[in-house]
Structures are given as C-alpha cells and as structure tokens.
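If you're matching positions, the sequence shown starts at 1 in my numbering and goes up one per residue. All C-beta atoms, glycine included, are put in the ideal place defined by N, C-alpha and C.
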Amino acid sequence: MDFALSEEQEAIFDMAHAFGEEHIAPFAQAWEKDGTIPKNLWPKLAELGFGGLYVREDSGGSGLSRLDATLVFEALSMACPSVAAFLSIHNMCAAMIDKFGSDEMREALLPRAVAMETIFSYCLTEPGSGSDAAALKTKATRTNEGWSLTGTKAFISGGGYSDAYIVMARTGDDSPKGISAFVVEDGTPGLSFGGLEDKMGWRSQPTRQVQMDDCKIPAGHLLGDEGRGFSYAMAGLDGGRLNISACSLGAAQSALDKTLAYMAERKAFGTSIDQFQALQFRLADMEIEMTAARTLLRQAAWKLDTGAPDATKACAMAKKFCTETGSRVANDCLQLHGGYGYLADYGIEKIVRDLRVHQILEGTNEIMRLIVARSMVS
Numbered sequence: 001m002d003f004a005l006s007e008e009q010e011a012i013f014d015m016a017h018a019f020g021e022e023h024i025a026p027f028a029q030a031w032e033k034d035g036t037i038p039k040n041l042w043p044k045l046a047e048l049g050f051g052g053l054y055v056r057e058d059s060g061g062s063g064l065s066r067l068d069a070t071l072v073f074e075a076l077s078m079a080c081p082s083v084a085a086f087l088s089i090h091n092m093c094a095a096m097i098d099k100f101g102s103d104e105m106r107e108a109l110l111p112r113a114v115a116m117e118t119i120f121s122y123c124l125t126e127p128g129s130g131s132d133a134a135a136l137k138t139k140a141t142r143t144n145e146g147w148s149l150t151g152t153k154a155f156i157s158g159g160g161y162s163d164a165y166i167v168m169a170r171t172g173d174d175s176p177k178g179i180s181a182f183v184v185e186d187g188t189p190g191l192s193f194g195g196l197e198d199k200m201g202w203r204s205q206p207t208r209q210v211q212m213d214d215c216k217i218p219a220g221h222l223l224g225d226e227g228r229g230f231s232y233a234m235a236g237l238d239g240g241r242l243n244i245s246a247c248s249l250g251a252a253q254s255a256l257d258k259t260l261a262y263m264a265e266r267k268a269f270g271t272s273i274d275q276f277q278a279l280q281f282r283l284a285d286m287e288i289e290m291t292a293a294r295t296l297l298r299q300a301a302w303k304l305d306t307g308a309p310d311a312t313k314a315c316a317m318a319k320k321f322c323t324e325t326g327s328r329v330a331n332d333c334l335q336l337h338g339g340y341g342y343l344a345d346y347g348i349e350k351i352v353r354d355l356r357v358h359q360i361l362e363g364t365n366e367i368m369r370l371i372v373a374r375s376m377v378s
C-alpha cells in the first residue's frame, strides 16, 4: 500500500496550482463582484488538458484517472473554488459524452468541448425535485425530426452562460428508467433562462433556471440509449462528489495557509498569536482533520478508478466528510483572523461562503449518509 503521489501526479498538482496562482487568484474577487467568469479563461485551462480531464485520449482528452483529477481541482480551488467547481461540471458533461455518446456525437461535440470552445452545463435538478431527482417532470416527446423538450431546470451553474446543456428529461414512465439524456445547444428555439440568482457563494458562476418550451432538437442529440439517462446521471455523480470534495479541501487549505501567515504576524500581549498554546491546539486539530479528509478522498478516488464494488459508498463518505471538514476549517480560520476575517480583503469570508453549498450540491450530505447507511443494513 503506497500513499505517496507519483512524480507525475505531483507535477499535475503543481501545474494546476501555478496556473491558479497566476490566472485565477488575482482576479477571483473581481469576478465575484462581476458575477461572471471571463470566457477567455477556459481555453487557457484547456491548453493544459483540463477541458477533458477524464475524456479518453483516443477522443482527444487527457485520459487522467479520477485520482489525478482530484489533484487538479484541489490545486485550482486554492485560487477559487467557484471557478474550479464550474470546471468540474464541464468535465462531467464531456466525460458523459465520451462514455455514452454515439460515434457521431463524439465527433461533433468533443473536440470543441475538450478545447473549451464549447462550455457545457448539467441540467438535472428541477424546482420540485432535488434529492428526489428521479421525480423530474421535464418531458421529451418524439417528433418527426427528433425530440421536443418542455420543462424547467433549477439552480443551473452556467445557465444563460454556457454553450450547451446536458438535460435529463422524461421519455417514458414515472420510474428512473423513464428518463433519458439529451444535448441542447444554446440558441435552440424554445430555450430560455430565468433571472440571475443572487447567491450566498459561488457568485462568479452565473446561476439561472433553464427553461424549455417545445424546445426542438435533432434525433442525434439523444445522449446514449433512451431510458438510460438516470443511470448516466448517477454514474457521473460519483466522480462529481470526488471533485467537490477536492474543491473543499483546496479552498480550506488556502484558508489555513493564510491563517498561519496572519498568526505569525499578528501580535497580542507582546507575542505573535501563533505562540499561544490554545490557538496552536486549534491549528493542530485543523491539520489532523485535513489530513484525514484528504486520505479518505484519495482512497475513494482509487476505488472509483479500480471499479471497487463499494466505490459509490466510498465517494459518498468522502463527499460528506470532506465538505464538512472544509467548511469547518474555513470557519475556524475566519475566527482566528478575528475581525479581519470578516473583511473581504483577507479572502477568508469568501471561502466560507463559497464552501457552504458543497454540503448541498452533488447530492446533499443527508443523502450521502443515506447511501452509506443503506450499504450497512439489509
């Protein structure tokens, strides 16, 4: 059993971290205020192979393992978890096209997706179906030319910003087997968007409802087989849970690094505050929790990569533990900054706000507990 990263994996992390420090971190607060991420950022990330992290090399992607990908998202999140998480969504969509799409679909869509000339968003959640995702109401009916979609998707990162959307819609009965997946391109007649959501965190990601009213798409935009959409969505979520876990740890590590630097400089009662034993104990607790979370995450990624039978359980455990650890560490870092932690200039309060949603999306942490519990009892 080897817990060390390979030289190649360390290089992947260092490359992503260096990119984030140069191209993301200096601008993250401005992008948050603007409520958008400049689109010219994405092709720069694609030049590093980050537009198709786990798209097969034969399809033009990087062909990385899920463990490798967690290193990318952890490193980029040290600059901004909002940007890194949006990249994760695009990569999940690209991987679904590579894994489940027809040869014609892959040839038509993947080159621009991998180059990040086409940005993808993922549309599963609806106003009336969150944790109970299989209860979705968006309907897809056959037409002479292909399909017509009608329905509304909620909380969509990149709604009205992205170039294409993978949409889960009902083509059959009310069971999960009645759900299929489709690709809907921006500009398709009948596709529209709600107002910009005013969010607590992830404010640089434009988030809107995605609305379809007799939205007609060609037959070739059915992703994979009819009736398999829900299984595709669930398969994508295991990896998404790893990515969002990594985003939590990267941002929390950034907060901890900032806190250590602040405490070394901040003086109280004649000495720097990092010399107070009570505060040292808090630092130690955070280091222990972060190390435990990172180990659990990498074990879960290894299980997903190797096809372990309990991979879904492991991803759920990692998602629950890492996202709660990340939020707790970030919040403690804010406390250790005192009043300065509450100010935007120090960068801590943004991390606290950004990480809070990680316990909700990609399956709430209550659902993660449910997955784990169901694996334990008959």
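Is the beta carbon of residue i less than 7 Å from the beta carbon of residue j?
| i | j | result |
| --- | --- | --- |
| residue 248 | residue 355 | yes |
| residue 118 | residue 164 | yes |
| residue 334 | residue 286 | no |
| residue 217 | residue 159 | no |
| residue 98 | residue 59 | yes |
| residue 240 | residue 78 | no |
| residue 383 | residue 336 | Residue 383 lies beyond the residue range present for the chain, which begins at 1 and ends at 378; the question has no answer from this structure. |
| residue 135 | residue 230 | no |
| residue 54 | residue 69 | yes |
| residue 149 | residue 212 | yes |
| residue 73 | residue 246 | yes |
| residue 357 | residue 252 | no |
| residue 367 | residue 102 | no |
| residue 168 | residue 233 | yes |
| residue 242 | residue 301 | yes |
| residue 71 | residue 12 | yes |
| residue 89 | residue 123 | no |
| residue 151 | residue 139 | yes |
| residue 100 | residue 224 | yes |
| residue 49 | residue 94 | no |
| residue 316 | residue 372 | yes |
| residue 264 | residue 209 | no |
| residue 121 | residue 162 | yes |
Which same chain residues, not among the five before or five after residue i, have their C-beta less than 7 Å away from its C-beta?
| i | result |
| --- | --- |
| residue 199 | 207 |
| residue 46 | 114, 115 and 116 |
| residue 17 | 75 and 78 |
Using the C-alpha atoms, what's the distance from residue j back to residue i?
| i | j | result |
| --- | --- | --- |
| residue 359 | residue 85 | 13 Å |
| residue 220 | residue 176 | 22 Å |
| residue 189 | residue 143 | 15 Å |
| residue 319 | residue 326 | 10 Å |
| residue 171 | residue 179 | 6 Å |
| residue 254 | residue 268 | 24 Å |
| residue 110 | residue 24 | 25 Å |
| residue 116 | residue 62 | 13 Å |
| residue 114 | residue 182 | 19 Å |
| residue 312 | residue 369 | 12 Å |
| residue 273 | residue 342 | 18 Å |
| residue 235 | residue 21 | 32 Å |
| residue 305 | residue 5 | 15 Å |
| residue 303 | residue 376 | 18 Å |
| residue 307 | residue 185 | 33 Å |
| residue 34 | residue 42 | 17 Å |
| residue 281 | residue 288 | 11 Å |
| residue 197 | residue 104 | 36 Å |
| residue 166 | residue 222 | 10 Å |
Starting from residue i and walking both ways along the beta strand (DSSP E), at which residues does that stretch end?
| i | result |
| --- | --- |
| residue 142 | 139-142 |
| residue 147 | 146-157 |
| residue 170 | 164-170 |
| residue 214 | 207-218 |
| residue 122 | 120-123 |
Name the two residues that bound the continuous alpha helix (DSSP H) containing residue i.
| i | result |
| --- | --- |
| residue 180 | Not the alpha helix (DSSP H): residue 180 falls in the beta strand (DSSP E), residues 179-185. |
| residue 92 | 81-100 |
| residue 15 | 7-23 |
| residue 360 | Element bounds for residue 360: n/a, residue is neither H nor E. |
| residue 329 | 311-336 |
| residue 31 | 28-34 |
Measure from the C-beta of residue i to each C-beta in chain B and report whether the shortest distance is under 7 Å.
| i | result |
| --- | --- |
| residue 78 | In summary, chain B is missing from the structure at hand, where a single protein chain is found. |
Excluding the 5 residues preceding and the 5 following residue i in the sequence, name in chain order all residues of the same chain whose CB lies nearer than 6 Å to its CB.
| i | result |
| --- | --- |
| residue 365 | 320 and 359 |
| residue 82 | 202, 204, 205 and 354 |
| residue 296 | 318 and 321 |
| residue 348 | 255, 333, 334, 337 and 341 |
| residue 351 | 251, 255 and 330 |
| residue 226 | 171 and 180 |
| residue 32 | 203 and 204 |
Since residue i sits in a beta bridge, which residues does DSSP pair it with?
| i | result |
| --- | --- |
| residue 197 | According to DSSP, which records beta bridges pairwise, residue 197 is partnered with nothing at all. |
| residue 268 | 271 |
| residue 222 | 182 |
| residue 192 | 211 |
| residue 129 | 126 |
Who are the Cβ neighbours of residue i in its own chain at under 8 Å, not counting the five residues just before and after it?
| i | result |
| --- | --- |
| residue 57 | 63 |
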